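**Student:**
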Amino acid sequence: MSISGFTSPHLSYGKKSKDTIYRLADEHSLFYLKWVEGRKGGNGGFLSKTSFPAWKAWSGYALEALAHKHVPQFKRALGIAGLETYHCAWVHRPNRICPQGAQIDLLLDQADNTINIVEIKYSQGDFTITKKYASEGRQKMTTFQVVSGTRKNVFLTFLTTHGITQNAYAS
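Per this note's numbering, the sequence shown runs over residues 153 to 323.
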């Protein structure tokens, strides 16, 4: 399935190949399985669902899948196209060593001893980083540093559909 492009393998940061996660990578199949298959037409079809939480969650997942396919373009936008990088997603489930769980949408481990923790956010307008969300982002960075044991510089980076609202938490 990976060779055909329907799924893509994702190895989490610091994990062995036996821990590879496979994600559905074909956008058409992803959309069809979620919004078309088994549903009858009428009443606007999937377009009538665009204000539902499930649509917003699916849109975020689809944006993540797209971001993983376009890492070279994202690196160019960050000004790091020439750097060798390793990219992956990352998840930590709470345990006794580190009771705080964390999920990272995209992690860019750069050859210059820098890691970008990329938060991918779908929104229909500018994304606003609130005080609570900024705190959660810092906690996610701390959890990653503790669990991975990295001594690299770690930065929180956002990839959004329409940019970020400039406020005290966006810097």
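Yeah, the Cβ is synthetic: ideal placement off N, Cα and C, and Gly gets one too. Only a predicted model underlies this, so the values are computations on that prediction, with no experimental measurement involved.
Taking the straight line between their C-alpha atoms, what separation do you get for Leu259 and Ser200?
**Tutor:** Each residue's Cα considered, the two are about 34 Å apart.
**Student:** Buried or exposed, going by whether 16 or more other CB atoms sit within 10 Å of the CB of Ile272?
**Tutor:** That one is buried.
**Student:** Where do the N-terminal and C-terminal ends of the alpha helix (DSSP H) with Val299 fall, by residue?
**Tutor:** Unbroken alpha helix (DSSP H) run through Val299: 283-300.
**Student:** Leaving out five residues before and five after Lys292 in sequence, what residues of the same chain have Cβ atoms less than 6 Å from its Cβ?
**Tutor:** Correct list, in chain order: Ala254.
**Student:** Provide the residue span of the beta strand (DSSP E) that contains Glu308, from first to last.
**Tutor:** The question names Glu, but residue 308 is Leu in the sequence shown. Start and end: 305-312.
**Student:** Just mark Gln318 as buried or exposed, buried being the case when its beta carbon has 16 or more other beta carbons within 10 Å.
**Tutor:** Per the 10 Å Cβ criterion, exposed.
**Student:** Is Leu258 helix, strand or coil by DSSP?
**Tutor:** Looking at Leu258 - three-state DSSP - the assignment turns out to be strand.
**Student:** Rounding to the nearest angstrom, what Cα-Cα distance links Val343 and Leu230 in this structure?
**Tutor:** Absent from the model: residue 343. The displayed extent of the chain is 153 to 323, so no value can be given.
**Student:** Please state if the CB of Ser211 and the CB of Tyr285 are separated by a distance shorter than 8 Å.
**Tutor:** In this structure, Ser211 does not lie closer than 8 Å to Tyr285 by Cβ.
**Student:** Is DSSP giving His244 helix, strand or coil here?
**Tutor:** In the structure shown, His244 sits in a strand (DSSP, three-state: E or B).
**Student:** How is the alpha helix (DSSP H) around Val223 delimited, first residue to last?
**Tutor:** Run containing Val223: 223-230, per the alpha helix (DSSP H) assignment.
**Student:** In the DSSP assignment, what residue or residues form a beta bridge with Leu176?
**Tutor:** For Leu176, which the question treats as bridged, DSSP gives the partners Thr159.
**Student:** Would you report the Cα separation of Val299 and Cys250, rounded to the nearest angstrom?
**Tutor:** When rounded, the distance between both Cα atoms is 7 Å.
**Student:** Whose C-beta lies closer than 8 Å to the C-beta of Leu235 among residues of the same chain, with five residues either side of it excluded?
**Tutor:** Only Lys227, Gln262, Ala263, Asp264 meet the Cβ criterion.
**Student:** Within its chain, find whatever has a CB closer than 6 Å to the CB of Phe307; leave out the 5 residues flanking it on each side and keep chain order.
**Tutor:** Result list for Phe307: Asn268, in chain order.
**Student:** So is Thr282 buried or exposed if we call it buried at 16+ other beta carbons inside 10 Å?
**Tutor:** Per the 10 Å Cβ criterion, exposed.
**Student:** Straight-line CA distance for Tyr174 to Ala322?
**Tutor:** Going from the Cα of Tyr174 to the Cα of Ala322 covers about 33 Å.
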